[in-house]
Structure formats: structure tokens, C-alpha cells
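Written out below as C-alpha cells is the structure these notes cover.
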Amino acid sequence: MKKASALSAKDQVQGEDTKYFPQRIEQKWQEIWLKEKIYQPDLHSAKRPYYNLHMFPYPSAEGLHVGNVYAFTGADIHGRFKRMQGFDVFQPFGLDGFGIHSENYALKIGSHPMEQAKKSEKRFYDQVKSLGSGYDWSHILETYDTDYYRWTQWIFIELFKSGLAYRESVGVNFCPSCMTVLADEQVIDGQCERCGAEVEKKELKQWMFRITEYAEQLLEGLDKIDWTEKVKTAQRNWIGKSQGAKITFRVADTDNDLSVFTTRPDTLFGATFMVVSPEHPLVKEWMSNPGVSDYVAKAKIRALEKDLSDREKSGVFSGAYVINPINNQQMPVWIADYVLMSYGTGAIMAVPGHDQRDYEFARKYELPIIQVIQHESANITKEAYTGEGKLINSGEWNGLLAPKDKDKIIAYLQERGLATESTNYHLRDWLISRQRYWGPPIPMIYCEHCAKEGRSWFTSKEGVSSKYLVNRESLQAVQHQTLSTQMPGWYPDENLPIELPYIEDYKPIGASSENSEATSPLGRHPEFYTVNCPSCGKEAKRETDVSDTFLDSAWYFYRYTSTSDNDHAWDEGVGKLWLPPTIYTGGAEHSVLHLLYARFLTKVSHDLGLVDFDEPFPRFFAHGLIIKDGAKMSKSKGNVVVPDEYIKKFGADTLRTYLMFLGPFNMGGDFRDSGIEGMFRFMKRIWVLLSSQTIISKEVDSSAKSEMHKAIKGVTEDIEGFHYNTAIAKIMTYYNFLSEQKEISLTEAKVLLQLLAPFAPHITEELWHRLGEQGSIHTSVWPAFDQKFIESGDTVIAVQINGKLRGTFVLNDPQASQEEVERIAHEDFSVQKHLEGKTIKKAIYVPGKILNFVVAV
RNA sequence: GCCGCGGUGGUGAAAUGGUAUACACGGGGGCCUUAAGAGCCCCUGUUCUAAAAGGACGUGGGGGUUCGAGUCCCCCCCGCGGCACCA
Numbered sequence: 000m001k002k003a004s005a006l007s008a009k010d011q012v013q014g015e016d017t018k019y020f021p022q023r024i025e026q027k028w029q030e031i032w033l034k035e036k037i038y039q040p041d042l043h044s045a046k047r048p049y050y051n052l053h054m055f056p057y058p059s060a061e062g063l064h065v066g067n068v069y070a071f072t073g074a075d076i077h078g079r080f081k082r083m084q085g086f087d088v089f090q091p092f093g094l095d096g097f098g099i100h101s102e103n104y105a106l107k108i109g110s111h112p113m114e115q116a117k118k119s120e121k122r123f124y125d126q127v128k129s130l131g132s133g134y135d136w137s138h139i140l141e142t143y144d145t146d147y148y149r150w151t152q153w154i155f156i157e158l159f160k161s162g163l164a165y166r167e168s169v170g171v172n173f174c175p176s177c178m179t180v181l182a183d184e185q186v187i188d189g190q191c192e193r194c195g196a197e198v199e200k201k202e203l204k205q206w207m208f209r210i211t212e213y214a215e216q217l218l219e220g221l222d223k224i225d226w227t228e229k230v231k232t233a234q235r236n237w238i239g240k241s242q243g244a245k246i247t248f249r250v251a252d253t254d255n256d257l258s259v260f261t262t263r264p265d266t267l268f269g270a271t272f273m274v275v276s277p278e279h280p281l282v283k284e285w286m287s288n289p290g291v292s293d294y295v296a297k298a299k300i301r302a303l304e305k306d307l308s309d310r311e312k313s314g315v316f317s318g319a320y321v322i323n324p325i326n327n328q329q330m331p332v333w334i335a336d337y338v339l340m341s342y343g344t345g346a347i348m349a350v351p352g353h354d355q356r357d358y359e360f361a362r363k364y365e366l367p368i369i370q371v372i373q374h375e376s377a378n379i380t381k382e383a384y385t386g387e388g389k390l391i392n393s394g395e396w397n398g399l400l401a402p403k404d405k406d407k408i409i410a411y412l413q414e415r416g417l418a419t420e421s422t423n424y425h426l427r428d429w430l431i432s433r434q435r436y437w438g439p440p441i442p443m444i445y446c447e448h449c450a451k452e453g454r455s456w457f458t459s460k461e462g463v464s465s466k467y468l469v470n471r472e473s474l475q476a477v478q479h480q481t482l483s484t485q486m487p488g489w490y491p492d493e494n495l496p497i498e499l500p501y502i503e504d505y506k507p508i509g510a511s512s513e514n515s516e517a518t519s520p521l522g523r524h525p526e527f528y529t530v531n532c533p534s535c536g537k538e539a540k541r542e543t544d545v546s547d548t549f550l551d552s553a554w555y556f557y558r559y560t561s562t563s564d565n566d567h568a569w570d571e572g573v574g575k576l577w578l579p580p581t582i583y584t585g586g587a588e589h590s591v592l593h594l595l596y597a598r599f600l601t602k603v604s605h606d607l608g609l610v611d612f613d614e615p616f617p618r619f620f621a622h623g624l625i626i627k628d629g630a631k632m633s634k635s636k637g638n639v640v641v642p643d644e645y646i647k648k649f650g651a652d653t654l655r656t657y658l659m660f661l662g663p664f665n666m667g668g669d670f671r672d673s674g675i676e677g678m679f680r681f682m683k684r685i686w687v688l689l690s691s692q693t694i695i696s697k698e699v700d701s702s703a704k705s706e707m708h709k710a711i712k713g714v715t716e717d718i719e720g721f722h723y724n725t726a727i728a729k730i731m732t733y734y735n736f737l738s739e740q741k742e743i744s745l746t747e748a749k750v751l752l753q754l755l756a757p758f759a760p761h762i763t764e765e766l767w768h769r770l771g772e773q774g775s776i777h778t779s780v781w782p783a784f785d786q787k788f789i790e791s792g793d794t795v796i797a798v799q800i801n802g803k804l805r806g807t808f809v810l811n812d813p814q815a816s817q818e819e820v821e822r823i824a825h826e827d828f829s830v831q832k833h834l835e836g837k838t839i840k841k842a843i844y845v846p847g848k849i850l851n852f853v854v855a856v
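Dropping the structure here:
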């Protein structure tokens with residue numbers, strides 16, 4: 000018998016078969032798997048459904064990125080592992096192909112998005128197939144497919160009917176380069192997320208989704224889902240709940256009220272002036288006062304500047320005063336742009352003694368500063384004191400603790416009708432319309448004739464007797480009181496799909512600043528937008544905006560499980576069986592946008608009675624980012640790693656395993672060429688060991704068995720916890736152990752292959768068959784481990800004495816009897832001290848577990 | 001500023017409170033080979049000693065809990081990510 004390690008070069012080239020050529024086996028198995036439907040569970044009758052979802056990519060025409068490979072592989076390993084554990088794993092794939100990114104690319108290379116999409120699609124699918132992931136290719140989807148976006152449009156209509164989609168003139172972020180509006184989330188430091196151009200502010204009529212209506216639910220839901228804390232925190236920050244009070248001030252010598260939101264009503268006695276935003280409605284009344292109109296004009300310009308955080312505050316006295324209801328003091332009202340109209344009421348009570356921003360403002364304009372919170376570290380001659388303390392100079396409140404007694408103070412104000420308890424969120428409504436071409440047309444029709452007479456869908460028979468949102472009283476109120484007047488003339492076009500027409504002039508033309516209506520490419524095509532009003536039948540105009548791509552991706556996981564083109568998944572039994580996805584894997588960069596929108600739509604679907612769950616992703620795992628030479632990969636840096644060449648040279652198995660070996664899956668890693676060669680060497684060694692070595696059918700002897708079970712246990716737990724890098728290390732350790740054996744039993748060989756199978760599906764499948772196995776390794780049963788072998792050898796025994804942990808020691812003999820264990824405990828240095836001079840009355844010994852000594856006194 | 005995550009060899013990184021550095025990369029030496037490549041074997045935290053044996057020191061810094069701390073607690077320092085004139 001010859002040892003594998005002693006195999007010389009000659010032996011290897013003797014037969015082609017003894018050498019590892021990934022190119023020769025990978026495609027072969029991919030075709031067989033497809034033919035044998037290894038990865039296609041029966042969606043109707045799965046016994047243990049496991050919906051293994053990962054974020055679908057946008058199909059960049061440059062092709063697959065190594066970051067995609069990383070993400071897909073990590074999810075695939077999880078799926079393969081679960082499949083081998085006996086689950087009916089459903090792992091679908093699709094493309095998020097609509098949107099600015101694809102459209103801009105088409106523009107750049109001078110092709111049409113519709114044609115480009117087909118090309119990118121083919122290339123992308125081919126590349127993904129070469130990775131050997133276990134996708135069910137009979138359930139793919141593309142968001143630009145008519146059969147897909149008819150349901151995107153259907154969802155839009157459902158939201159419209161629910162009063163959750165509405166039109167409003169809003170100050171929007173407008174990207175002059177992309178010629179479209181952007182959601183707040185898509186503006187980074189005042190720049191467009193996509194192209195980096197400086198974003199402008201514009202007033203435009205836009206379609207909005209009332210996501211703020213769900214702020215509280217979106218926040219509460221986070222507590223019951225299994226997500227990484229990092230992502231939950233990002234969402235909490237984004238929703239930005241703060242609780243406090245709304246206090247109303249009377250403007251002196253007028254009938255006007257000025258309300259403010261504050262989280263610190265306890266400092267009310269410290270308020271010395273008021274500040275309103277330049278956009279505040281009351282500012283109109285003060286325009287003629289000296290300096291006001293000048294300042295408001297100046298603020299408008301300043302609003303476009305990007306770095307707002309540390310510029311000097313500025314403002315102007317409005318000329319008006321308000322009365323502080325708590326002490327009837329007159330306070331001047333100032334206008335300053337450090338107060339934002341978009342948050343709270345657009346006005347604040349300034350408490351310069353205890354708010355640093357107000358403090359700076361007061362210093363600059365020489366406004367009075369009063370200290371109302373006493374604390375040894377408070378020194379308001381230098382800066383505002385924002386910490387806790389005892390109230391002073393606060394009338395009846397003196398001696399109360401701030402902010403601890405906030406609730407008492409709110410109750411006090413509330414009793415006297417001076418304030419109400421109030422909650423504010425940073426979350427804004429979701430701006431959904433885009434003045435672009437490459438997206439699903441918004442399925443709405445505007446009829447001027449109906450509008451003039453105040454008619455709309457909301458005044459129609461269906462609208463009046465609406466079944467929508469019966470679960471949400473607050474929205475019913477919105478619907479019946481305001482929607483019919485807010486949205487005159489608007490009707491959904493339920494004749495879906497509203498197909499996106501092929502037009503040559505799809506280039507964005509933007510919005511003219513004089514006109515409050517933005518113009519979309521479709522707006523140049525009367526043959527598209529001229530329709531008859533669904534209500535009165537007269538000539539009407541179809542909406543020419545398309546919807547935000549994030550709408551497409553907020554519901555796609557429902558579509559995967561649908562079994563026919565003419566139905567949406569969640570009506571069917573199949574959806575009930577599979578939804579929501581068992582686990583969702585994806586990049587943390589989507590923490591806020593995509594995940595929040597998907598949660599919102601699912602909550603709406605739940606309220607509409609479409610689904611019986613209200614969180615789309617009960618479990619979400621965020622993977623890390625692959626970088627190159629310490630920097631994020633990007634075209635501009637020229638450090639994008641294209642996987643094709645690596646697959647060609649080393650095979651998909653090596654690339655997959657190498658990527659997973661780089662570092663913990665939730666942390667990402669740095670891609671290096673030298674590392675991948677090491678992984679290729681490992682694959683070759685596995686090949687040589689298991690294809691050239693004589694594998695014999697013999698019992699595994701007991702020390703080898705211990706190693707085997709240790710490996711199975713370690714790898715199982717590591718894969719379960721997404722610690723892929725350590726799982727691979729353990730497989731390598733086990734390989735090293737086996738390669739030093741004189742002979743390897745069939746059982747050991749099979750176990751080694753099975754442990755490696757999720758990472759390197761092709762080579763393991765090939766060798767599995769060479770060992771004479773019949774079925775696919777990927778549907779074989781994941782090896783079980785025996786606990787007692789694991790704990791042998793180097794078991795650490797924890798010692799409790801009378802219930803308290805008193806020490807631990809290494810137990811070398813797994814077969815040790817209870818008496819021996821007691822004797823060793825006595826001898827062990829760390830335990831000795833506690834047992835000295837005492838006798839053990841009772842010792843409970845569970846191998847590998849805790850040893851509980853009851854010591855006689 | 002607030003929140004979250006991290007700091008361990010030359011590098012990527014391992015370690016339910018129990019022999020710190022598993023596994024791999026890189027580096028050094030050797031075998032094989034006409035040669036190159038591939039493959040195989042040995043060494044590889046720092047330091048003391050000519051070397052070995054052996055010892056000392058070592059997980060960003062300082063304290064603490066513990067028989068025992070990379071791990072738990074407190075206070076700092078540094079790096080990364082998110083939010084940010086949010087009242």
C-alpha cells in the first residue's frame with residue numbers, strides 16, 4: 000500500500016483520470032443536476048419546506064462580480080447543508096433588472112434598455128450557472144418581465160385604494176445628472192447615490208407611499224425578528240422615534256398659535272426664545288418685518304449647501320413674540336435655518352442653558368440664557384448642560400429631577416391644557432415616482448373632467464364602500480376625510496399589465512423648474528398616455544412616471560413561490576407552505592432601504608388580509624463585503640475582481656471554498672491571488688487522496704472514530720452558525736489526519752466528502768461516485784456525530800461545589816469512572832484548594848458536562 | 001456628538017472562562033528532477049543562551065472579578081460602519 004503523499008509526479012500523469020481537472024467535471028455535474036432536478040423541490044407537497052432566499056442581484060452588464068459570488072456561495076452553502084439535513088430546500092434566483100443603474104448603463108453604451116436587459120440576462124445567468132449553486136432554475140424571475148411587473152402595478156393599486164399611495168407637492172431631491180427625483184435614502188451627503196452629482200431641491204408633484212403610517216409597527220416588529228443587531232440598529236436609527244410633548248404657545252397680540260415639539264418639556268422654564276424654520280407657514284406674516292425676507296431668501300440658497308453639520312448658525316428676529324404658558328413670560332421669535340421644517344412642527348422652544356445648538360445661537364445673538372437644571376458639572380457660562388440634574392428656577396417644579404420626572408411634567412402640562420404627549424419619527428414617506436423610462440409604469444389615470452367635479456376612485460361605488468384597511472382605523476379616517484379631496488380625478492387602471500412601450504427616445508428629459516409637473520420620457524408619447532377615463536369615459540391622461548426600483552425588490556420573494564403567471568403567490572396554498580422565507584441572506588448595505596420597504600409592504604399585505612404574517616424575513620443574516628487590497632472594489636479604482644478567469648483556471652469549487660475561507664462570512668475579507676492557489680492545492684490533495692488511495696471497507700478504529708466525530712461535530716456547528724472559515728479549517732485538519740493514516744476506511748472517505756460537499760459541490764460529487772455511491776452526494780444524509788467520542792481525550796470538566804463553579808480540569812480518560820474523576824479532582828491544582836480537608840459527599844458526573852460536588856462540612 | 005462593530009504572529013485569521021496563535025498564506029531549509037513546474041518533508045510569536053535543553057515575555061493601554069481572563073466587569077486609546085442642526 001502506497002501513501003497518497005508519496006505519490007510522485009509520474010504516477011499523476013500516468014492516467015488522465017488521476018489528475019484533478021475541475022474543467023472536466025464541473026460543467027458535467029451542473030448538467031446532470033439540472034436534468035435530475037436535484038434542486039427542484041415539489042412546491043405543492045414539500046414535507047419540510049425550507050425557503051433559502053438570498054438577495055437577488057441587479058444584473059450588471061459588466062457581468063458577475065466576485066462580491067456576487069461571495070454572497071451567492073454563502074447562501075448556497077447554507078442551502079446545501081439544510082438539504083443534506085433532510086429539508087426540502089427551495090433556492091430561487093432572479094434579477095432586479097429595472098432601474099436607473101441598468102438604464103444608465105444602456106445610455107452609456109448606446110443601447111436600448113430592453114435589448115440590453117436580454118443580453119445582460121443571458122450573460123449573467125450563464126455566469127451564475129458556472130458557480131454550481133443549487134438553484135431551482137424553473138422558478139426564476141426578472142423584474143422587467145411583464146408577468147412580473149403587472150403584480151408590481153397591482154400592488155401599487157392596492158396601496159392607492161388603501162390610502163397609502165398619494166400625490167403631493169413636495170420639496171424633492173433632484174439629481175440633475177440622472178434627471179430624476181431621489182428618495183431621501185438615495186442622497187448621500189447631498190450627492191446622488193448612483194452618480195455622485197450634487198443633488199438639487201425642487202418642488203414637484205410626486206407619488207408617495209405613506210410608510211410613516213407604519214413607523215411604530217416597523218419599530219416594534221424589530222424586537223421579534225432574528226436579525227443581526229447592527230441591521231436592527233440601523234433601522235431603529237432610520238425610523239428615529241423620539242418621545243416628548245407638543246407645547247402650544249400663543250403669539251402675542253394675535254390669535255395665532257405656535258406649536259413646538261420637544262423631548263425636554265422639563266426645561267420649559269429655561270426657554271428664553273423661540274426659533275422657527277424659514278419655511279414655517281407663520282413666517283409669511285412676518286415677511287414685512289426688517290430683515291425677514293432677506294434672511295428667508297438667503298436661507299433658501301444655503302439649503303443647497305451640503306455640509307450642514309458644523310457651519311455657524313444664523314437667524315433673524317421675526318418681530319413677533321410668544322407667551323410662555325408656564326410663566327406668561329414674553330419670548331422673542333427668531334427665524335433660523337438650523338430648525339428644519341421637515342421634523343416636528345418646524346418650530347422649537349429654545350432652551351440655551353441646556354441645548355448646545357440653542358446655546359450657540361443665544362451667544363451669537365446675545366439672547367438670555369437661564370439655568371434650570373442644577374448639577375455639579377454644569378457650567379453654563381461655557382456650554383449648555385445637557386445632562387441630568389435637579390430643576391431650579393422652575394416654579395412649582397423646583398426639586399424635581401430632570402429628565403427623570405419628565406412624565407410628571409407632561410402630566411402637569413396636560414392637565415392644564417398646555418401640552419400634549421407627542422411622538423415624532425425621522426422616517427419620511429416613501430417617494431415612489433421617477434421621471435425615468437426603465438421601470439414599471441405607475442398604473443394610474445388622471446381625468447380632468449372628473450377632477451373638476453371632485454370625482455375620483457374614492458368617490459366611486461367601490462371607493463366609498465371600500466374594504467381596504469379595515470384593520471387600521473387611523474387610515475380609514477385619512478381615506479374618507481381627505482383622500483377624495485386630495486386626489487380628485489385619479490383612478491387606478493386595473494387593466495394590467497400596463498406595458499412599458501418600446502420607445503427610442505427613452506433618455507430622461509427631467510423636470511422644468513417653472514412647471515410643477517415633472518416630465519418623464521413616456522410623457523412625450525400621447526399614444527401611451529391618452530386613454531379614456533375609467534369612470535366618465537372622456538379623454539384622460541395616464542400617469543407617465545414609473546415607480547422606484549425599490550418597489551420591485553420589496554415583494555419579489557412572494558413571486559418566486561407562485562406557480563402560475565396569472566396569480567400572485569400569496570393567494571395560493573403554495574405560498575402558505577413556503578412563506579415567509581425561512582432565512583434571508585444579503586448585504587448589510589441594504590439594511591435601511593430594501594429591508595425597510597419589504598417590511599412595510601408585508602405589513603400592508605398583512606393588513607389587507609393577503610398574508611397571515613407581518614414580517615417578511617423572520618431571520619436575516621448579513622454577510623460581509625469582499626474587498627481587494629484593503630479597498631472596496633469599484634470600477635473607478637480598477638480593482639474589480641472578475642470571477643470568470645479564476646473559475647476557468649481553478650474551477651468554481653476552489654473559488655467558492657477560497658472565498659469562504661477568507662474570513663468569517665459576516666465580516667467579508669480581502670481577496671488575494673496567493674491564497675486561492677493554496678485552496679487549489681487542497682482540492683488537488685483531496686482528489687489524490689480519495690481517487691488514488693486504496694479505500695478499504697473496514698471498521699473505523701476507535702481513535703480514528705473520535706477524530707471523525709470531532710470533525711463532524713465541529714463542521715456541523717460551524718456551518719449552522721455561518722462560521723464557514725472555521726468549518727473549512729476543520730475539514731482541512733481532518734484531511735491532514737486522514738492523509739497520515741496508512742489506510743482509510745470507506746466511511747471516513749465518505750464523511751470527508753460530505754463535510755466538504757456544501758463548499759465544493761462538484762469535486763465531492765465526482766469523488767462520491769468514484770467511491771461507488773449511487774445517488775447524489777447533495778441529497779445524501781448529513782453525517783451524524785456521537786457526542787461521547789467528541790468529549791473524549793481532552794475533555795474539560797467544570798467543577799461546581801455546592802452549586803458554585805469552583806474550577807475545571809482536563810480529563811484525559813473518557814472512560815473514567817466516577818471514582819476516578821473524584822480522585823483526579825482532588826489531585827488537580829485548581830480544584831484542590833476547594834476540596835482540601837473536606838470529603839466529597841456526592842459527585843454527579845456526566846461525561847463532558849458539569850461535575851457537581853457536594854462537600855461535607 | 002449618538003449608536004453599532006472591531007483591535008491577537010510577517011499576512012488572512014482560530015480559541016463553550018481552561019496548554020493563546022487551530023487552519024491557511026507568505027518566508028526559510030531539504031527531498032525529487034537534466035531543468036523548470038508540480039509534488040512531498042521539516043522549521044517559522046518575541047526574547048535570553050554559541051546551540052540544545054530550558055526559562056522569561058507575549059492577545060491596544062490601565063484597573064478589577066477568578067484557582068485560572070484574548071474571553072466577564074469598570075475606565076481610557078485607536079480603527080471601521082451607520083445616523084446626524086432630528087429639538
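Per numbering that gives the first Met the number 0, the first sequence runs over residues 0 to 856. From the three backbone atoms N, C-alpha and C, an ideal C-beta is built for every residue, glycine too.
For the beta strand (DSSP E) containing residue i, name the first residue and the last one.
| i | result |
| --- | --- |
| H622 | 618-622 |
| I776 | Premise fails: I776 is in no beta strand (DSSP E) and is neither H nor E. |
| N735 | It is not in any beta strand (DSSP E) - N735 instead sits in the alpha helix (DSSP H) that spans 723-738. |
| V750 | That residue, V750, is in no beta strand (DSSP E); its alpha helix (DSSP H) goes 745-755. |
| H53 | 48-53 |
| A244 | 241-250 |
Please determine, among the options, the residue with the shortest C-alpha to C-alpha distance to residue i.
| i | options | result |
| --- | --- | --- |
| A728 | L770, T656, H777 | T656 |
| P280 | I369, S317, R79, S313 | S317 |
| Q485 | S459, W136, E498, A450 | A450 |
| V88 | L267, S341, I76, K245 | I76 |
For residue i versus residue j, is the C-beta spacing smaller than 8 Å?
| i | j | result |
| --- | --- | --- |
| I139 | P491 | no |
| D95 | F123 | no |
| I675 | S744 | no |
| L578 | V610 | yes |
| P663 | N735 | no |
| T385 | H353 | yes |
| P277 | A298 | yes |
| D428 | M286 | no |
Can you name the start and end residues of the alpha helix (DSSP H) that residue i belongs to?
| i | result |
| --- | --- |
| R598 | 592-606 |
| V714 | 701-719 |
| C449 | 447-451 |
| E498 | Looking at the DSSP string, E498 is not in any alpha helix (DSSP H), and its letter there is neither H nor E. |
| K407 | 405-414 |
| E461 | 460-463 |
CB-CB under 8 Å to residue i, same chain, minus the five flanking residues each way: which ones, in chain order?
| i | result |
| --- | --- |
| H111 | A105, Y501, E503, Y505 |
| V315 | G290, V291, D293, Y294, W333, I334, A335 |
| A214 | I238, K240, Y424, L426 |
Leaving out the 5 sequence neighbours to the left and right, which residues in its chain are closer than 7 Å to residue i when beta-carbon positions are compared?
| i | result |
| --- | --- |
| S515 | Confidence at S515 is low in this model, with a pLDDT of 42, below 50, so the placement of that residue is unreliable and no value is reported for it. |
| L390 | D265, V371, I372, W396, N397, G398, L399, A401 |
| Y19 | M682, K683, W686 |
| Q413 | T419, E420 |
For residue i, I'd like the list of residues in its chain whose CB is within less than 6 Å of its CB, leaving aside the five on either flank, ordered along the chain.
| i | result |
| --- | --- |
| S511 | No answer about S511 holds up, because its pLDDT of 45 lies below 50 and its placement is not dependable. |
| I246 | V259, A418 |
Ranges of the alpha helix (DSSP H) found wholly within the stretch 107-153, counting only runs of at least 4: Qualifying alpha helix (DSSP H) stretches, in chain order: 112-128.
Please give me, in chain order, every unbroken run of the alpha helix (DSSP H) with length at least 4 that falls completely inside the stretch 286-371. Those alpha helix (DSSP H) runs which fall completely within the stretch 286-371 and span 4+ residues are 291-301, 355-364.
In chain order, each alpha helix (DSSP H) run of at least 4 residues that lies wholly inside the stretch 640-692: Counting whole runs of 4 or more residues, the stretch 640-692 contains the alpha helix (DSSP H) stretches 642-649, 651-660, 672-691.
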